[in-house]
Amino acid sequence: ENRMTPQEQEKLFKKVRRRFRRWSERKCSGYVHGVVDEARRKTANPEMVKYRNEAYCCGYLCGFIDARGFDAASRYKYIIRPIGYYRWWADAK
Numbered sequence: 002e003n004r005m006t007p008q009e010q011e012k013l014f015k016k017v018r019r020r021f022r023r024w025s026e027r028k029c030s031g032y033v034h035g036v037v038d039e040a041r042r043k044t045a046n047p048e049m050v051k052y053r054n055e056a057y058c059c060g061y062l063c064g065f066i067d068a069r070g071f072d073a074a075s076r077y078k079y080i081i082r083p084i085g086y087y088r089w090w091a092d093a094k
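Rendered as structure tokens:
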């Protein structure tokens, strides 16, 4: 299982804050959670889908979709558009 260390999560959080400057810290935290969850789950957490209009949940879904790639984008596209591209943070400085 591919888990991110707390240090890797913090680094990703900083990259998300730089890339999406208008996002709240809560939404950025949700994004990181979505990326972390993608390594453990085949589908997004149903609670996050249910409350997708809340900032944290919206960030979670964006992170999950960007981490999972095309299959998640097609599954959740009616909910939210991915805003990055597949695992963009690997290339970000």
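Numbering-wise (the numbering used here), the sequence shown opens with residue 2 and increments by one.
Glycine included, every Cβ here is placed at the ideal spot set by N, Cα and C.
Ordered along the chain, which non-local residues of its own chain (more than five positions away) have a Cβ less than 7 Å from that of residue i?
i	result
C4	Looking at the sequence shown, residue 4 is not Cys but Arg. For R4, where only same-chain residues beyond five positions count, the Cβ hits under 7 Å are A40.
M49	C58, Y61 and L62
K28	A56, Y57, C59 and G60
S25	A56
R76	none
Excluding sequence positions up to five away, which residues of its chain have a Cβ less than 6 Å from the Cβ of residue i?
i	result
L13	V33 and W90
V36	G64 and A68
Q10	V33
Taking Cβ to Cβ, would you say residue i is nearer than 8 Å to residue j?
i	j	result
G70	Y87	yes
Problem - Validate contact between the segment 24 to 38 and the segment 60 to 68 using beta carbons, cut 8 Å, 3 pairs - result: yes
Problem - alpha helix (DSSP H) runs wholly inside the segment 13 to 90, at least 4 long, in chain order - result: 26 to 39, 47 to 51, 56 to 69 and 71 to 77
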